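Per this note's numbering, the sequence shown starts with residue 163, numbered consecutively.
Cβ coordinates follow ideal geometry from the N, Cα and C atoms, glycine included.
Quick caveat: nothing in here was measured; it's all calculated off a predicted structure.
The structure appears below as structure tokens.
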Amino acid sequence: MPESFFILSKDYLELAIDEVTTIVKMYDRFAKIKIISNLVIVQSKTNANKISDRLTFVKTSGQILRKMSGLFLDQENFQVLKNTKTFVCRVINLSSNQFNTSELENSMGDMISKFTNAKVKLENPDITVYLIFTNEENFFGFSEKIKERKRPKKIKKYPHELDWKLTRVMINLTGLKKGQTLCDPFCGTGTTLLESESMGINAIGIDFDQKMCEISKENLKINGYKSKILKSDFQELVKISEKFDGIVTDLPYGRSSKISEKPEDILKRLISIIPKHKKIAIMFKKELDPKMKLKGLKKYQIYRHKSLTRTILIK
Ligand SMILES: C[S@@+](CC[C@H](N)C(=O)[O-])C[C@H]1O[C@@H](n2cnc3c(N)ncnc32)[C@H](O)[C@@H]1O
């Protein structure tokens with residue numbers, strides 16, 4: 163079974179690990195996953211690029227060639243470099259040992275150049291060969307040149323908008339698949355809808371503020387996206403519940419956006435109407451937290467700045 167590796171950013175490590183796990187299992191429920199700090203090793207039939215393409219907090223990913231117990235330049239590894247014109251070696255040291263990584267990269271590069279026709283190219287090579295060191299085991303891996311992911315454009319912004327990374331990770335933590343549909347009942351500028359459509363997930367947005375509906379529509383239109391926008395109170399989601407598979411949303415904070423009632427009342431009302439058997443990812447400010455009795459949900463705390471820590475609930 164092929165093995166892939168994913169080096170995660172440490173910014174929101176818990177979210178990042180759960181995101182990889184959810185997406186890997188979404189594609190292949192029999193996949194095996196091993197986590198060594200911010201390195202995730204996946205044994206699965208799913209291609210590493212396909213997994214990586216959905217993810218938010220991955221810095222580097224590729225295929226594992228083998229554990230670093232034998233020589234790199236054996237017959238099997240030669241195959242990877244056989245038709246390669248350019249390559250670069252990169253050392254990723256996640257172990258507690260200190261060593262001179264550039265020296266190691268250089269000598270590995272010299273060795274590969276001697277035994278193959280490939281030439282070292284530091285920027286944008288055909289293949290990057292990785293030497294990954296951890297306290298447990300070490301690996302050889304490689305990745306091929308991949309096209310940079312096209313990001314959705316956002317022409318209209320607003321102070322209350324959520325950043326795309328937290329939005330995308332929330333969608334991914336629900337495990338919604340391509341072709342399914344999500345609903346954001348507080349869609350604001352449409353961040354959730356844009357991220358969702360960029361991953362092939364359909365979306366429906368609801369906002370009670372006409373201005374926000376217009377902004378969302380413009381942001382969708384420039385990308386050629388087709389999410390529906392309903393100008394309505396979020397209660398509308400009950401009526402349209404047959405049309406979506408999950409709810410992903412960031413609740414109003416009562417600061418820069420219009421709000422129909424106190425944030426705590428909105429959260430209570432929302433929780434009471436969420437249709438059963440839907441996937442959910444809801445973000446709100448941490449202060450609302452203790453008053454709610456919520457079972458079967460995974461909770462994350464996201465520190466944003468001194469006066470704002472957010473809670474994310476996932477089901
Ligand atoms: C925090 S903002 C959402 C931001 C959004 N995630 C974005 O990136 O632009 C909350 C939104 O909830 C809307 N809102 C407030 N009360 C509402 C209600 N009762 N029903 C529907 N929308 C409401 C506000 O107009 C605002 O656009």
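Residue 264 sits exposed, since fewer than 16 C-beta atoms from the chains shown fall within 10 Å of its C-beta.
Taken atom to atom, the span from the alpha-carbon of residue 321 to that of residue 197 is near 37 Å. Relative to ligand 1, residue 324 has its C-beta within less than 7 Å of a heavy atom.
Contact between residue 337 and residue 441 holds, since their C-beta atoms are separated by about 7 Å, short of 8 Å.
The C-beta distance from residue 447 to residue 472 rounds to 6 Å, short enough to fall under 8 Å. For residue 345, the secondary structure class from DSSP, reduced to helix, strand or coil, is strand. Distance between residue 345 and residue 365, taken at the CA atoms: about 6 Å. For ligand 1, no non-hydrogen atom lies closer than 7 Å to the CB of residue 446. A distance below 6 Å between beta-carbons, with the five flanking residues on each side excluded, links residue 166 to the following residues of its chain, in chain order: 204, 210, 225.
In the structure shown, residue 372 adopts helical secondary structure according to DSSP, grouped into three states.
When rounded, the separation of the alpha-carbon atoms in residue 420 and residue 445 is 17 Å.
Within a 10 Å sphere around the beta-carbon of residue 362 sit fewer than 16 other beta-carbons, which makes this residue exposed. Linking residue 305 to residue 178 through their CA atoms gives a straight-line distance of about 20 Å.
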